[in-house]
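Peer 1: Just so you know, we're using the numbering used here here: the sequence shown kicks off at 216 and counts up by one.
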Amino acid sequence: MKIAIIGATGKMGAWFCQEFIKFGHNVTGIGRNAAKLRELDSKHHIQGTTDYTSGLTGANWILVAVPLDVIVQVVQNSLPFIDKGAIILDILSVKGSVLPILGKVCKEVGVQYVSTHPMFGPGAESMKDRNLIITPVPEHEKAVAQVKEQFIAMGARVTEAGAEFHDKMMALVLNLPHFLNILFGKILASSGFEFPLIKQFGGTTFALQEFLSLNVNAEDPAIYGQFQFENPAFHDLLKEFQELIGQYTKIIETKDPALFKQWMQGNDTFFKQDALYSKSNSLFYRILKILS
Ligand SMILES: NC(=O)c1ccc[n+]([C@@H]2O[C@H](COP(=O)([O-])OP(=O)(O)OC[C@H]3O[C@@H](n4cnc5c(N)ncnc54)[C@H](OP(=O)(O)O)[C@@H]3O)[C@@H](O)[C@H]2O)c1
């Protein structure tokens, strides 16, 4: 299959170029910066171009790996060069309100459109056993089966979800852990103590939590901010969080052991549904060993 990747000079774009090449596809990376494209070629042997005509003509799939705020413009600029019947894919982490717009502009020129979301970053070794969400777009459902089949063949665990449900899930699995780790970092950073001193006092739970937090806080604030700003479900979750903080504060202030137990046991019952539950303690120490 001939695959063009727009945004090939970015983290995910470059990752997908390499992954599709591994599976024998003919890949062209498209970017706006010739120097970055040359670097991709010398480092990873990815053939690249800044020219949409040569890069897009004849492509069966066009994967658009650009941020949410520019995707509509980028797709509109590309459509005149894309063959009828080809499939455009996005990999947007937050679907926001752009899917119907992209669905409409693609339909008008006879191009199919499938919205996907790889639930992994550019550090992933491959798609094997990684979650990937496909959000079918009205009037473009026919292309979903082909995309699904291809990603399953590449090892991904594919789930289909509508845009609203996708964003609700992202509020829980993406925005919430990012938010909690950013907040954790903020509380430590504003404590007035130097980090090495805090770490000297840290126990095992702190070590693991700190490791997660340092990874989240090292990410690109522009991208992480956009994930949170543009997901309405996360705004609802933040309100719920504030309410829970109020309830939690009351429990702590009233020192009510029964209420505290009720909270923790409720969570414990919930987490028992996880297959990892019975081995979580031994795994915890194994992970700590890797970190030490
Ligand atoms: N990073 C992740 O872990 C992750 C995981 C899943 C999905 N995603 C999704 O993947 C997409 C890309 O994320 P990323 O982390 O790869 O971002 P990134 O590293 O910042 O790459 C963005 C790419 O978009 C290009 N670009 C930006 N503005 C453009 C414009 N106006 N016209 C043309 N090209 C433009 C950039 O080109 P230049 O190099 O020339 O600036 C670059 O190639 C986003 O939609 C994100 O939600 C990211």
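The C-beta atom is built at its ideal place from N, Cα and C for all residues, glycine as well. In this text the structure is predicted, and so the values were computed from the model without any measurement.
Below 6 Å CB to CB, which residues in the same chain sit around Lys299 once its five sequence neighbours on both sides are set aside?
Peer 2: Counted from its first residue, the sequence shown places residue 299 at position 84. The residues are Gly325.
Peer 1: Provide the residue(s) that pair with Thr374 in DSSP beta bridges, ordered along the chain.
Peer 2: Looking up residue 374 in the sequence shown gives position 159. Looking at the DSSP assignment, Thr374 forms a beta bridge with Ile348.
Peer 1: Is Lys226 near ligand 1, judged by its Cβ being under 6 Å from some heavy atom?
Peer 2: As a working note, residue 226 is residue 11 in the sequence shown. Correct: Lys226 has its Cβ closer than 6 Å to ligand 1.
Peer 1: Could you tell me the alpha carbon to alpha carbon distance between Thr243 and Gln361, rounded to whole angstroms?
Peer 2: Along the sequence shown, read from residue 1 onward, the residue named residue 243 stands at position 28. Along the sequence shown, read from residue 1 onward, the residue named residue 361 stands at position 146. Taking the straight line joining both Cα atoms gives about 20 Å.
Peer 1: I'd like the span of the beta strand (DSSP E) that includes Ser257, first residue to last.
Peer 2: Walking along the sequence shown from the start, residue 257 turns up at place 42. Unbroken run through Ser257 is the alpha helix (DSSP H), 249-259; no beta strand (DSSP E).
Peer 1: So what does DSSP say about Ser405, is it helix, strand or coil?
Peer 2: For the purposes of this step, residue 405 is taken as the residue at position 190 of the sequence shown. Ser405: coil per DSSP, three-state reduction.
Peer 1: Could you pull the DSSP bridge partners for Asp305 from this structure?
Peer 2: As a position in the sequence shown, residue 305 is number 90, starting the count at 1. Asp305 is bridged to Val279, Ser330.
Peer 1: Can at least three beta-carbon pairs, one atom from the region 447-456 and one from the region 316-324, be found at a separation below 8 Å?
Peer 2: No, the region 447-456 does not touch the region 316-324.
Peer 1: Mind reading off the beta-carbon distance from Asp305 to Ser330? Whole number of angstroms is fine, and I expect it under 8 Å.
Peer 2: In the sequence shown, counting from the first residue as 1, residue 305 sits at position 90. In the sequence shown, counting from the first residue as 1, residue 330 sits at position 115. So it is a contact: roughly 5 Å between Cβ atoms.
Peer 1: Please classify Ala219: is it buried, with 16 or more other beta-carbons within 10 angstroms of its beta-carbon, or exposed?
Peer 2: Residue numbering aside, residue 219 sits at position 4 when the sequence shown is read from its first letter. Buried: at least 16 other Cβ atoms inside 10 Å.
Peer 1: Taking 6 Å as the cut-off, is the beta-carbon of Ile306 closer than that to any non-hydrogen atom of ligand 1?
Peer 2: The residue given as residue 306 occupies position 91 in the sequence shown. Because some heavy atom of ligand 1 lies under 6 Å away, the Cβ of Ile306 counts as near it: yes.
Peer 1: Would you say Ile466 and Leu474 are within 7 Å of each other, going by their C-beta atoms?
Peer 2: Numbered from 1 along the sequence shown, position 251 holds the residue referred to as residue 466. Numbered from 1 along the sequence shown, position 259 holds the residue referred to as residue 474. Cβ atoms of Ile466 and Leu474: closer than 7 Å.
Peer 1: Under 7 Å between the Cβ atoms of Leu278 and Leu307?
Peer 2: Taking the sequence shown and counting its residues from 1, one reaches residue 278 at position 63. Taking the sequence shown and counting its residues from 1, one reaches residue 307 at position 92. Not closer than 7 Å, so no.
Peer 1: Is it true that the CB of Asn432 sits closer than 7 Å to the CB of Gly400?
Peer 2: The residue labelled residue 400 in the question sits at position 185 within the sequence shown. The residue labelled residue 432 in the question sits at position 217 within the sequence shown. Cβ atoms of Gly400 and Asn432: closer than 7 Å.
Peer 1: Do Leu347 and Phe366 have their C-beta atoms closer together than 7 Å?
Peer 2: As a working mapping, residue 347 is identified with position 132 in the sequence shown. As a working mapping, residue 366 is identified with position 151 in the sequence shown. Yes.
Peer 1: Closer than 8 Å by C-beta to Phe486: which residues in its own chain qualify, once you throw out the five before and the five after it? Chain order, please.
Peer 2: The residue labelled residue 486 in the question sits at position 271 within the sequence shown. Excluding positions up to five away in sequence, the list reads Tyr492.
Peer 1: Using 8 Å as the threshold, is the region 407-416 in touch with the region 435-450, meaning 3 or more CB pairs across them?
Peer 2: No, because fewer than three Cβ pairs between the region 407-416 and the region 435-450 fall closer than 8 Å, the two stretches do not touch.
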